[in-house]
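Inspection log for the structure reproduced underneath, given as structure tokens.
Residue numbers (the UniProt record's numbering), protein chains in the order written: chain A, 1 to 296; chain B, 1 to 296; chain C, 1 to 296; chain D, 1 to 296.
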């Protein structure tokens, strides 16, 4: 859930340029979106606020038993949790809310209405025609910025069952500047960068299907005068291809494509400080000035 | 593990045309391969025999505790299991072997030596230059043919934790002609088609990275006079793109690319008998005569 | 200009599935189309008739002086020409009409109104959003069937300044089964196959931009239940990638992509009879039964 | 023909990274290259010098009669021409050399030995396996910098038969900052930018086949620590996709891909000064600081 400065402008951007599908609005002013290909009622939500940034990031768990079990584990780990009742968000079951050590709000939930991707579950066509804009496959991951990412990592690994996929070390060769963690076969489901200020968002990422779709996305951004931070290019980390760009409120978004599949038996990859540039932007092999400084 | 008729010819084919990397041979005559990008010592093995076909198909499990647990569950389910000692296969730990109701041999193992993909785990480049041939990313799945695929499905779901992703129904609207099952976020880790004769192989599939790599693979097949069954085309099932082709012994192989990611909360897709053609070959919307008849 | 059996169905097909833009209709019942990216008022025309097939194929020449000069050369070569007055076709200048030795009608013209591609000639965007269907870049070439293709070739080379790019030889090693000719840097602007019946059309071809667009085109054909003859695949001749398919009247169309650029100093390529399969369908390396028999 | 600072390092770069094929060296120290797919003996030549830059850029003409005719026209236009005898360059016929008003040396020639692309002219495969590096299709064009580009344009149009394809206007709305000219169906065969110093080179460009090959090229540059100026991105001018990068001597090179086909009846496109950024780098819509300043 993202905060935006102007709701109408943002709805127009996420609908016409990003090509998401608006699926509803609630009494508190939240606007709900899904990608056309996602099946659950919503995966991305915006609300008007005075400052841009991330309200919370959520993970769906297998079922309510898992939700209870994970809440128990969180409490055992010393984390304060809160239950948000079913229905507080449209078409969404009860949620367990808690704060990461970096002060980001995370939610877990087990139920969200399956509204389908418009193709049906019997003899579906391969894709939905007549969509607009960039039209990503799914909301994919986010990259958060905050101080104690070591404590975050410990919580994700020991409580939520995530696995470390890649990391960047600081100059001391020991401290993590950044870590990429997965709870699936994706190269990352969440990533975090060490940063002075807590609760910050670097980007929310949407998945594209091919490098040609990346070019098409960059073209659509240009046609719509969207501010591109960098890209199309490739990350060394995950090998994925990327464009970083900004929504009208200054929230950084990413179109991500590719990246290898990760299995829990795989050895994590480490990037040393002298090669952090190649890790982040593989072609230029150097960071641009905005990567470590511009967050919302 | 596949049986081939001529070992030298097959090694040459899998090395030069498929672009696999030979990683070893053992005293029993087995030749071990991995794709260049795979990290484990081997994922694909051939041995000389009088008839082509599948010796066994194996799944790696998380650790030895999981191996023990799954063996226990198999026995509880009434399946006879056998332990094959560590080292019987090169760089491979102890294996649990059992037969599916369709008489295919399946193996589970927890340990295989990580030999890496040649890029290292520190500051790796994005891919390995100077490879040969088709060079797939990984061995991906297989499609097996046999009589009681319902019993197979029950075993995979109830004992091994697989989930049904897609199915094709026969004319009666009830009986499954074919099922696709996953134990990951892949659209399928194994698939099966109802067939009179037990223990048959339809194809072993290798993953490619992009549709352009599919074209390149078809070109390489043509240059090397490889017999193409069908493709490049798209499957309706999984949405993946495909080429079916034959190794020198007549074993059908596939290059597979794309296909959606599957999560266990997703509703399975059903193809009805009248649309089975579109399910299998999305562009032609009809089966070719070989799909249901040519197996090894 | 193609003949179709049902005008409404055909307009719907060429608009919604092919993604052409209708630019006008005239009193004689002709419906005019261009691709979205073409700049001239029309490049493809259909009219209702009792049989499908090709009314004529036309080439634009540099200017009216060139039109006069080529008409003079045609007459000197013994060809009867006819002038069709400006305006007989919408937004089109005077045309010189003549018959090839294979009895196909060819027209030359110098003037057609530039209506633009919708992007303007000042600071254009890279492409036009919100188009429908396959949306090819341009009408590209046609392949005609008829008896005396040697006389055709002589006329195209000696009078109209075309160059031979590729040819397929019959079993005798001498006679041309087929020839591909160009008047530009394209691998072919017209092609012809030796065939008993005169005046026949094998296909009209439309250019696509990338192999991914070829996949998308095949998907759109499937969604719209368009009958695909063969493809996606590659031609050995020209190296281009292709789908052959049929319009609702049974006229074969092609989406063509790639193919090398040809310059007049380049040596032509010859395909021998035993490799004609690879020349036409590079992956399968054999002709399908329809290639030499189904024409309109 | 380019000047390089270190011949061995440059040969290694053009062979291993660019993937050109060295075809010979001559007594004067020139090293000759072609792309693997080009058929003529050479298209790109380097020689050791104290400064990087362009010795000359050459165009092949249809035959010796055309060479004579063009030399006559050049003289009539007031241009001093020089004949360089056949054989002065390896496998190359007589050349006509002259200086452009911007002081760049241009050569015309009619004869260069056809050494083929390794596939033969009978039943060729679709492409050559076992090549190295970026492996472009052909040397495509160059962009030169110098003062009087208006006089250049006049010469190319009126004497050599080129056509204006695109132009960028300066703030006055009248003066050309840059022009793109073609003598084929390519979007440009030469381009020029107004610049204080004469005889300067902005870049030499090599053609790639697809946007995926552009990504692969950028990856190869990163692996080989090649300095990338910008890209992968798209030009607004020509619509082509691009990477600008530097050879070891600091000569800027480009991999170019796509771009529309141009016919002489097409209206040229104009970019106004306020949109020059989008014209040059379509995604960023702004020039990088190096575009107008770094030349050799």
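Built from N, CA and C at the ideal position, the CB exists for glycine as well.
Note that the structure is a prediction, hence the values are computed from the model and not measured.
Residue 52(B) - partner residues in DSSP beta bridges
By DSSP's assignment, residue 52(B) forms no beta bridge with any residue.
Taking the continuous alpha helix (DSSP H) assigned at residue 218(B), which residues delimit it?
Element bounds for residue 218(B): 211 to 223.
Using DSSP with H/G/I as helix, E/B as strand and the rest coil, what is residue 96(D)?
Correct three-state label for residue 96(D): strand.
Span of the alpha helix (DSSP H) holding residue 77(C)?
Segment: none, residue 77(C) is in no alpha helix (DSSP H) and carries neither H nor E.
So the candidates are 108(B), 54(B), 47(B) and 38(B); which of them puts its Cα closest to the Cα of residue 66(B)?
From the listed residues 108(B), 54(B), 47(B) and 38(B), the smallest Cα separation to residue 66(B) is found for 108(B).
For residue 75(C), count neighbouring Cβ atoms within 10 angstroms of its own Cβ and tell me buried if that reaches 16, exposed if not.
Residue 75(C) is exposed by the Cβ-count criterion.
DSSP three-state call for residue 186(C): helix, strand or coil?
Residue 186(C) falls in the coil class under three-state DSSP.
Tell me the DSSP bridge mates of residue 180(B)?
The bridge partners DSSP lists for residue 180(B) are 166(B) and 191(B).
What residue from 42(D), 269(D) and 4(D) has the CA that sits closest to residue 138(D)'s CA?
Taking the Cα of residue 138(D) as reference, the smallest distance to any Cα among 42(D), 269(D) and 4(D) is reached at 42(D).
Residue 129(A) at chain C interface by Cβ criterion, 8 Å:
Taking 8 Å as the threshold, the shortest C-beta distance from residue 129(A) to chain C falls below it.
List the endpoints of the continuous alpha helix (DSSP H) containing residue 149(B).
Secondary structure note for residue 149(B): its alpha helix (DSSP H) is the uninterrupted segment 149 to 158.
Hey, out of 49(A), 15(A) and 266(A), whose CA is closest to residue 162(A)'s CA?
Selected option, being the one with the closest Cα: 266(A).
Just checking: is the beta-carbon of residue 336(D) within a distance shorter than 8 Å of some beta-carbon in chain C?
Past the boundaries of the shown model lies residue 336(D); chain D is included only from 1 to 296, so the question cannot be answered.
Between residue 241(C) and chain B, is any beta-carbon pair separated by less than 8 Å?
At least one chain B Cβ lies under 8 Å of residue 241(C).
Below 8 Å on the Cβ atoms is my contact criterion, and I expect residue 126(B) with residue 263(A) to pass it. Report the Cβ-Cβ distance as a whole number of Å.
Separation of the CB atoms of residue 126(B) and residue 263(A) is rounded to 19 Å, and the pair is thereby denied contact status at 8 Å.
Straight-line Cα distance separating residue 217(A) from residue 254(A):
Rounded to the nearest whole angstrom, the CA to CA distance from residue 254(A) to residue 217(A) is 10 Å.
The beta strand (DSSP E) that contains residue 4(B), what's its start and end?
Where residue 4(B) is concerned, the enclosing beta strand (DSSP E) starts and stops at 2 to 4.
Can you grab the Cα-Cα spacing for the pair residue 39(A) / residue 212(B), in whole Å?
Separation of residue 39(A) and residue 212(B) (C-alpha to C-alpha, rounded to the nearest whole angstrom) is 28 Å.
Residue 219(B) classed as buried or exposed, judged by whether at least 16 other C-beta atoms fall within 10 angstroms
Residue 219(B) is buried by the Cβ-count criterion.
contact_flag[the region 13 to 23 of chain B, the region 157 to 173 of chain B] where n(CB pairs < 8 Å) is 3 or more
Short answer: they don't touch.
Using a Cβ-Cβ cutoff of less than 8 Å, which residues in the same chain neighbour residue 112(C) once the five nearest sequence positions on both sides are dropped?
Correct list, in chain order: 40, 41, 42, 60, 91, 92 and 93.
Just grab the DSSP bridge partners of residue 24(B) for me.
Answer is 32(B).
Is any beta-carbon of chain C found at less than 8 Å from that of residue 236(D)?
Interface residue, yes.
Sort 123(B), 103(B), 116(B) and 68(B) by Cα distance to residue 96(B) and report the nearest one.
Taking only the C-alpha atoms, the option nearest residue 96(B) is 68(B).
Given residue 80(A), which residues of its chain have a CB within under 7 Å of its CB, disregarding the five upstream and five downstream residues?
Excluding residues within five positions, the ones whose Cβ falls inside 7 Å are 98.
Quick one: Cα of residue 274(B) to Cα of residue 247(A), how far?
Residue 274(B) and residue 247(A): Cα-Cα distance of roughly 46 Å.
Give me the Cβ distance between residue 35(B) and residue 136(B), rounded to the nearest whole Å; I'm assuming they're in contact under 8 Å.
Taking C-beta atoms under 8 Å as the contact rule, residue 35(B) and residue 136(B) qualify, at a distance of about 5 Å.
Where do the ends of the beta strand (DSSP E) carrying residue 231(C) lie?
Where residue 231(C) is concerned, the enclosing beta strand (DSSP E) stretches over 228 to 234.
Same chain, Cβ closer than 6 Å to residue 177(A), five either side skipped, listed in chain order:
For residue 177(A), where only same-chain residues beyond five positions count, the Cβ hits under 6 Å are 168, 170 and 194.
Within chain A, partners of residue 264(B) - CB distance below 7 Å:
Result: 62.
Are the beta-carbon atoms of residue 251(D) and residue 296(D) separated by less than 8 Å?
Cβ distance < 8 Å, so residue 251(D) and residue 296(D) count as in contact.
I'd like to check one pair, residue 192(A) with residue 224(A): are the Cβ atoms closer than 8 Å?
Taking 8 Å as the cut-off, the beta carbon of residue 224(A) is found no closer than this to the beta carbon of residue 192(A).
Would you grab the beta carbon distance between residue 144(D) and residue 202(D) for me? Rounded to a whole angstrom, and I think it's under 8 Å.
Yes, they are in contact, since the Cβ atoms of residue 144(D) and residue 202(D) sit about 7 Å apart, within 8 Å.
With distance defined between alpha-carbon atoms, name the residue in 105(B), 234(B) and 12(B) nearest to residue 259(B).
Distances from the CA of residue 259(B) to each of 105(B), 234(B) and 12(B) were compared; the closest alpha carbon is that of 234(B).
Segment limits, alpha helix (DSSP H) that includes residue 140(C):
Careful: residue 140(C) lies outside any alpha helix (DSSP H), inside the beta strand (DSSP E) at 138 to 146.
I'd like the list of long-range same chain contacts for residue 284(D), defined as Cβ closer than 6 Å, with 5 residues on each side in sequence excluded.
Cβ within range, chain order: n/a, list empty.
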